[in-house]
């Protein structure tokens, strides 16, 4: 698919059984945000703004940067390589221990300190420590903490997951979701929350992007990796839904869903 990334280009595999596919998807390691395993098995169109490249441009001008919820550090590592320099101070936080280890191994050689910090806890840094805070797909942005650690005039630049993302898949497993769940992460709500924390919203863009799952193994791996989609997902618990979706893919072709992405740029007002 043009403009798509793994979750990458379609290839053809010999027909495999439901059991084989599910078993494979259940045992692939899930650490980090490397989605190369999905090549030939799932696709996701990319947002038009090119977040990692845009992040690199800002890193090239930054003095002190914080990457919140870095995952395995892959996006920051790419952006630093693209920028060709590391800011004077570069720090990343992550809450999941396997990702902390992976991010540390990837980012420490570049001079980035990785700090273990809970996703829902305060950021363990001084007020006004950073002129740039970045984040790709935070579970939830903690606007008060982001505003606190930014210097006056500093920028928050992030790509968020938007409302109803991949809900075609979510509702296959969980059934119809209430409107308050579907509307969570709405850009208007996020704008209001950022402004309530004292930030000025400079840019907010939203896009819905086509996704395709070509086999049930890709679905299993995706739900194990993106754990908030179907909380508590296991193959055993959702065996009937998995088998039904496998049969649908076999009969009709790829399962189509749509991700929701938001580009968010906000600034702490200068003194």
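Residue numbers (the UniProt record's numbering): 1 to 271.
The beta carbon of each residue, even a glycine, is placed where N, CA and C say it ideally should be.
- In the three-state scheme derived from DSSP, where H, G and I count as helix and E and B as strand, residue 242 is classed as helix.
- DSSP places residue 182 in the uninterrupted alpha helix (DSSP H) bounded by 179–182.
- Taking 3 residues as the minimum length, the beta strand (DSSP E) runs contained wholly in the stretch 42–115 are 42–45, 64–67 and 89–94, in order along the chain.
- Residues 213 of the same chain have their beta carbon placed closer than 6 Å to that of residue 219, with the five preceding and five following residues left out of the count.
- When the beta-carbon positions are compared, residue 82 and residue 56 come within less than 8 Å of each other.
- Less than 8 Å separates the beta-carbon of residue 95 from that of residue 117.
- For residue 152, no alpha helix (DSSP H) encloses it; the enclosing beta strand (DSSP E) starts and ends at 150–161.
- Around the CB of residue 49, fewer than 16 other CB atoms lie within 10 Å, so the residue is classed as exposed.
- Nearest Cα to residue 239 within the set 228, 217 and 258: 217.
- Approximately 28 Å separates the beta-carbon atoms of residue 185 and residue 152; this is outside 8 Å, ruling out the contact.
- Beta-bridge partners of residue 258 (DSSP): 210.
- Note on geometry: alpha-carbon atoms of residue 75 and residue 36 lie some 13 Å from one another.
- Three or more Cβ pairs closer than 8 Å define a contact, and the stretch 204–213 meets that threshold against the stretch 254–261.
- Residue pairing from DSSP places residue 266 in a beta bridge opposite 156 and 201.
- Taken through DSSP and simplified to helix, strand or coil, residue 219 comes out as helix.
- Closest in C-alpha terms to residue 263, from the list 86, 236 and 136, comes 136.
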